[in-house]
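Peer 1: Take this structure first; my questions come after.
Numbering (the working numbering), first residue to last: 82 to 193.
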């Protein structure tokens, strides 16, 4: 389809049922977001040779990178980011998912 995707590679491998459960929980959490406009869109996941791959939408950069490039961010941009993060987290929580690592380097700016 020639659409650009990102692929997260979990190279630590899946060793034992505990590791497999952790990886599956991350995949299920991403997949459960469906049409959440404020979450990275999930497409697919697979495992090859004990390495797990998670295919998602490609994002240009993180909010942390945007902040470093345009220091300081305008007040209106900060409020825009906070509103989008809050909306995304609200939808996640409504779907029974808690994001356990909210920080600017885990907030992505979508290409579209």
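Beta carbons are placed, not taken as given, at the ideal position from N, Cα and C, and that holds for glycine.
#1: Taking just the CA atoms, how far does residue 148 sit from residue 171?
#2: Looking at the secondary structure, which residues open and close the alpha helix (DSSP H) in which residue 127 lies?
#3: So what's residue 147 in DSSP terms, helix, strand or just coil?
#4: What does the Cβ neighbour count give for residue 126, buried or exposed, with the cut at 16 atoms within 10 Å?
#5: How big is the Cα-Cα spacing for residue 165 and residue 122?
#6: Would you give the residue range spanned by the beta strand (DSSP E) that residue 87 belongs to?
Peer 2: Quick answer:
#1: 24 Å
#2: Counting along the chain, residue 127 falls outside any alpha helix (DSSP H), though it belongs to the beta strand (DSSP E) covering 123 to 129.
#3: helix
#4: buried
#5: 15 Å
#6: 86 to 91
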